[in-house]
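So the sequences go chain by chain: Z, S, C and B. Those letters in the first sequence? Residues 1 to 244, per our numbering, in order. Those letters in the second sequence? Residues 245 to 488, per our numbering, in order. Those letters in the third sequence? Residues 489 to 732, per our numbering, in order. Those letters in the fourth sequence? Residues 733 to 976, per our numbering, in order. Idealized CB from N, CA, C, for every residue including glycine. All values derive from a computational prediction rather than experimental measurement.
There are 4 protein chains.
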Amino acid sequence: MERRPLRLRKGLPMLDKLKQQVYDANMALERAGLVLLTWGNVSGRDPDSGLVAIKPSGVEYEQMTPAQMVVVDMEGKVVEGELKPSSDTPTHLELYRSFPGIGGVAHSHSTVATAWAQAGRSLPCYGTTHADQFRGPVPVTEEMSPEAVGGDYELETGKAIVRAFEDLDPAEIPAVLVAGHGPFTWGKTAAAATENSIVLEHVALIGLLTEGLSPEAQSIAAFLRDKHFFRKHGDGAYYGQSDS
Amino acid sequence: MERRPLRLRKGLPMLDKLKQQVYDANMALERAGLVLLTWGNVSGRDPDSGLVAIKPSGVEYEQMTPAQMVVVDMEGKVVEGELKPSSDTPTHLELYRSFPGIGGVAHSHSTVATAWAQAGRSLPCYGTTHADQFRGPVPVTEEMSPEAVGGDYELETGKAIVRAFEDLDPAEIPAVLVAGHGPFTWGKTAAAATENSIVLEHVALIGLLTEGLSPEAQSIAAFLRDKHFFRKHGDGAYYGQSDS
Amino acid sequence: MERRPLRLRKGLPMLDKLKQQVYDANMALERAGLVLLTWGNVSGRDPDSGLVAIKPSGVEYEQMTPAQMVVVDMEGKVVEGELKPSSDTPTHLELYRSFPGIGGVAHSHSTVATAWAQAGRSLPCYGTTHADQFRGPVPVTEEMSPEAVGGDYELETGKAIVRAFEDLDPAEIPAVLVAGHGPFTWGKTAAAATENSIVLEHVALIGLLTEGLSPEAQSIAAFLRDKHFFRKHGDGAYYGQSDS
Amino acid sequence: MERRPLRLRKGLPMLDKLKQQVYDANMALERAGLVLLTWGNVSGRDPDSGLVAIKPSGVEYEQMTPAQMVVVDMEGKVVEGELKPSSDTPTHLELYRSFPGIGGVAHSHSTVATAWAQAGRSLPCYGTTHADQFRGPVPVTEEMSPEAVGGDYELETGKAIVRAFEDLDPAEIPAVLVAGHGPFTWGKTAAAATENSIVLEHVALIGLLTEGLSPEAQSIAAFLRDKHFFRKHGDGAYYGQSDS
């Protein structure tokens, strides 16, 4: 008789709420039309335990349940769940380790953001829609070396993302284009990460059309960009209802 | 115990009908696919009282109710409603003040109209579909100055729109592209404003494709443009059923 | 008391079946995404009486009923129905008069076909999808003169279409692009006319993308075009199930 | 009294399961938006008997049933079913004969893949989304000669496809673009063939947009391409859940 490894550490919270949130954020990503087949994944991190819940690898959205979300620790070890976590888990973990304060990561091969990634181009801030969510261009990573691809590929993908943010604030630009691959986004929660993927795809499309209409299109002025970003973010934000 | 400010002036009509119409026009804008997340807003003006009902700021469409529409006076003071009005309210009010006879204003970041706005280009009248609704090019505003953006930004946005209509009739061209930002449209009612947003997005897309097929594409002749515009508008209109 | 004009000639068939077919074809056109607002219309002709049923002008699709279809004779006189017929009725009638054997006409402002019309370009036969339905390029009309537009405009539109087919067989190319305006299609029935509008929009899009991928794209060879056209049309057709 | 030909050989399995799978794969192709009207078809092959079930020719998807799938032998003779098989059946059979190990074939006129076919261009491997499914460019066939088109056209189409794979492995690149016509895909099952059509359409679109954003776009490096392909295929695959 085979013994199943112990998946549930004694005293560990079941993290049911996080798993539900991560499930919801994965389903929202799919509902938004950003996912082809099973090729997308969202994770969320529990701020207390530091554990991360993530979509299982290659499971159909229609059949997926909240209970199937896989919980891993920061070394990628499965601490709860019967299924294999997303193959992109090491990329997610590297972002949690390197970008303090984020609580969710999303990845998809959404059509237009992926086209920018394949073109090897960062996405300019062509308008206020972009600036509402991203305070400047969304950067593209450098191409990965044969050694990085041949090594711990998914971890190296995360490192390439982190390098692209050496001079950028991931809280102000919560998105990246991995060259030749596609977008990753993040946020304070799994839901926020998904929302950033949705906005990224939208502004990637508007940006592409903008260039089609005007090959000499320019980024908007920094003062207009910042006006919009800080209407929605930070202490001076006045968009939406106050939370209290 | 905190005292809530008196929101309902004595003797003021509840404006329930207007709030329902404004709610419906907001939902129609979202259903037409013109709204990203919560980033759109429609208002309507009561011709008797001069009061304006508008979408609350940042509220999810799925959870929104007619009762949540916020009623403001022409100075932007909330006279009915529990929520904050759209942050774009001062822009709407400036249009009501400056464009006599309009009873509805709509704003979105719809994909293709926003691309024209980001490209800083007015939308030429490339065909009869455009001319059915807009009697000539839909103008783009000038870029706003650092002072305007740093001042009363949303009011200044309205003023920039009004300046773009110095030599145009807002009743004949009920739409504008705010440079680097996106479209505003208006009409006799909130529903008409939404309809103009829908048509604008459609002709913005057809116009973009027209240029792709023929970089030398020309606007249609003025006699054909006016034939179509006046088939549907004014005393000689013969499209549709007579209202009586 | 006002007397309503006699709309129903004695002994005239109610044409209920035709009205249902025309209603269905109009709804199919809208369901296919080819119609903006109320801006589309399909008609069908009863081969026995020569009467034509057509969509009423400017009526919302959601509220439309089969009984509202308007029946006109070949001079455009309403012989059955309470509403005004489509303002494009004279165009439809000119096509019935000039193209023998057709029993349905459809008109829309579908996005991509309209872009070709606005670009003033005929649609080349770039592939077998096009050739399955249209045996050669879909022609664009000449631009209409000020006199034609200022005169009986909708009738003149029909005449411009007919002139574009002087050297073409409308049974083999059941579609046209009216310059600066949009597509008209036809067929043996109202349903066939709608189907041709659907195929036209599809091949208009594929054709546009083909040129984007290869500015030197060529029409397919005549022998391949005819192979596909005659797989589906004429005595040698072998696509589909035999009708018997 | 007319005698119906014997359609069911004695002792032959009813192949109900295969017909259901082929029906499902056809419906999935349509649901994915890849099919215009009735212009798509998927087949599946029973590995034991070598018989092939395929969609009947020209039947509406809404009315189609699993029982209507037509079973043919490798010579194209109908061995079960009341309807005519797809007119493209000889193309499917040629692929089964020539590409060992495949169990499903799909064909559609999906918009963007067809545009690449009409442009006469193979689809470069511009990113990892492409490489996840196709290990290299998706080839385009040569144009067919007048003799091939005038002869056994659908069989010759299959032969043209096979010739395009003289130096390629159809198990690693399970897709082709037939010049001037459209895509065919295949896989171990009918469902896999449909999935490859879905991915092909997606990467065809991303590829087209990539070129729009960067006319000098390059294929990704072979080491990155192979990393992604073999993450999902072959003995070293680690994407998804293990089947055991």
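{"Asked": "Residue-level contact to chain C via CB, Gly790/B, 8 Å cutoff", "Found": "yes"}
{"Asked": "Listed by chain order, chain B residues near Gly180/Z by CB distance under 7 Å", "Found": "Gly859, Thr860, Ile952 and Leu956"}
{"Asked": "Exposed unless 16 or more other CB atoms sit within 10 angstroms - verdict on Thr797/B", "Found": "exposed"}
{"Asked": "Cβ contact (3+ pairs, closer than 8 Å) linking the region 819-826 of chain B and the region 675-686 of chain C", "Found": "no"}
{"Asked": "Contained alpha helix (DSSP H) runs [length at least 4] in the region 629-707 of chain C, N- to C-terminal order", "Found": "634-638, 641-652 and 678-701"}
{"Asked": "8 Å Cβ cutoff, Gln556/C in contact with chain B", "Found": "no"}
{"Asked": "Exposure label - Gly521/C; buried when at least 16 CB within 10 Å", "Found": "exposed"}
{"Asked": "Assigned exposure category for Val356/S - 16 Cβ within 10 Å defines buried", "Found": "buried"}
{"Asked": "Cross-chain neighbours of Tyr483/S in chain C, by beta carbon under 8 Å", "Found": "Ser545, Gly546 and Ser575"}
{"Asked": "Interface flag, Arg963/B vs chain C, CB-CB below 8 Å", "Found": "no"}
{"Asked": "Residue nearest to Val767/B in terms of C-alpha spacing, selected from Tyr971/B, Ile930/B and Asp958/B", "Found": "Ile930/B"}
{"Asked": "Paired residues, beta bridge with Asn285/S - DSSP", "Found": "His351/S"}
{"Asked": "CB contact flag (Gln485/S, Val547/C, <8 Å)", "Found": "yes"}
{"Asked": "Interface residues of the region 385-413 of chain S facing chain Z [CB-CB below 8 Å]", "Found": "Glu387, Met388, Pro390, Val393, Gly394 and Tyr397"}
{"Asked": "Cβ-Cβ distance between Pro47/Z and Gly103/Z below 8 Å", "Found": "yes"}
{"Asked": "Three-state class that DSSP yields for Ser953/B in the structure shown", "Found": "In the sequence on display, residue 953/B carries Ala and not Ser. Of the three classes helix, strand and coil, the one that applies to Ala953/B here is coil, per DSSP."}
{"Asked": "Contacts of Leu761/B in chain Z (Cβ-Cβ under 9 Å)", "Found": "Near Leu761/B there are no residues of chain Z at all, since even the closest Cβ is about 14 Å away, more than 9 Å."}
{"Asked": "C-beta atoms of Pro427/S and Ala359/S nearer than 8 Å", "Found": "no"}
{"Asked": "Contiguous beta strand (DSSP E) assignments of at least 3 residues, all confined to the region 71-126 of chain Z", "Found": "78-80 and 104-108"}
{"Asked": "Length of the line joining the Cα atoms of Ala636/C and Glu568/C", "Found": "29 Å"}
{"Asked": "Buried or exposed (CB count within 10 angstroms, at least 16 for buried), Ala710/C", "Found": "exposed"}
{"Asked": "DSSP bridge partner residues for Pro544/C (one or two, in chain order)", "Found": "Pro573/C"}
{"Asked": "As assigned by DSSP and simplified to three states, the class of Val510/C", "Found": "helix"}
{"Asked": "Chain-order list of residues whose beta-carbon lies under 8 Å from that of Leu956/B (same chain, five-residue window excluded)", "Found": "Thr860 and Ala863"}
{"Asked": "Cut-off 8 Å between Cβ atoms - residues of its own chain near Tyr238/Z, not counting five sequence neighbours on either side", "Found": "Arg231"}
{"Asked": "Cutoff 8 Å; reference Pro300/S; Cβ partners in own chain excluding five residues on either side", "Found": "Met308, Gln312, Met313, Val314, Gly325, Leu327, Lys328, Pro329 and Ser330"}
{"Asked": "Buried/exposed call for Asp504/C, threshold 16 Cβ in 10 Å", "Found": "exposed"}
{"Asked": "C-beta neighbour in chain D for Ser854/B, strict 8 Å", "Found": "Going by chain labels, chain D is absent from the structure shown, which instead holds the protein chains Z, S, C and B."}
{"Asked": "Where the alpha helix (DSSP H) through Leu616/C begins and ends", "Found": "Before going on, a small fix: residue 616/C reads as Thr here, not Leu. Residues Thr616 to Ala619."}
{"Asked": "Beta-carbon proximity of Ala607/C to Thr629/C, cut-off 8 Å", "Found": "no"}
{"Asked": "Tyr755/B to Ala513/C span [Cα, whole Å]", "Found": "28 Å"}
{"Asked": "Local Cβ density within 10 Å of Lys565/C, reported as buried at 16 or more and exposed below that", "Found": "exposed"}
{"Asked": "Proximal residues to Trp527/C (C-beta, below 8 Å), its chain only, five neighbours per side dropped", "Found": "Ser596 and His597"}
{"Asked": "Residue-chain proximity (Leu453/S, chain C), Cβ-Cβ < 8 Å", "Found": "yes"}
{"Asked": "Whole-Å CB distance - Glu387/S paired with Gly424/S, under 8 Å assumed", "Found": "7 Å"}
{"Asked": "Inter-residue spacing [alpha-carbon to alpha-carbon] between Leu701/C and Ile938/B", "Found": "12 Å"}
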